[in-house]
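This report refers to the structure that appears directly beneath it.
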Amino acid sequence: MATITVKTPFKNDPIKAIWEDGKVTITGSPNALIFWDNMKYKGMYGKYGHTINLKNTLLSDLVIAFQNLFPPKDVSLDREAEVIRSEEHRREKPIPKGAVS
């Protein structure tokens, strides 16, 4: 289980994205979750321009999507997330089907 923490405009109310085996669970205070709902409608896009499916995604794509929605300095990863993201970046993988290229 890897965790991505995103600072929100609400003091001490971060959004936490818990990634496990491709599935993402979003947690936070009620205000942070309302803010999250509004932000995700702007669109979440992965490395190759494909939309993110929170039920089946790579952690590295999720990090990129968060960094596109929020200032990169507001997105932080725990140690496990850093390791998984590095492994995914090193792997040779084809461009996902339907991606913008």
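For the sequence shown, position 55 matches number 222 in the numbering used here, and the numbering has no gaps at all.
Just so you know, even glycine gets a beta-carbon here, dropped at the ideal spot from N, CA and C.
The model shown is predicted, which means the values in this text are computed figures rather than measured ones.
- For F202 against F233, the beta-carbon gap comes to about 13 Å, at or over 8 Å, which does not count as contact.
- Straight-line spacing of the CA atoms in R246 and T170 works out to 9 Å.
- With contacts defined as CB atoms closer than 9 Å, L236 and R252 fail to qualify as a contacting pair.
- Proximity to Y208 across K214, P197 and N220 peaks at N220, based on C-alpha coordinates.
- DSSP, read as helix, strand or coil, puts K190 in strand.
- Looking from the CA of Y215, the closest CA among D228, N205 and E249 belongs to D228.
- Taking a 10 Å sphere around the C-beta of V250, we find fewer than 16 other C-beta atoms and assign the residue as exposed.
- When DSSP states are grouped into helix, strand and coil, S243 belongs to the strand group.
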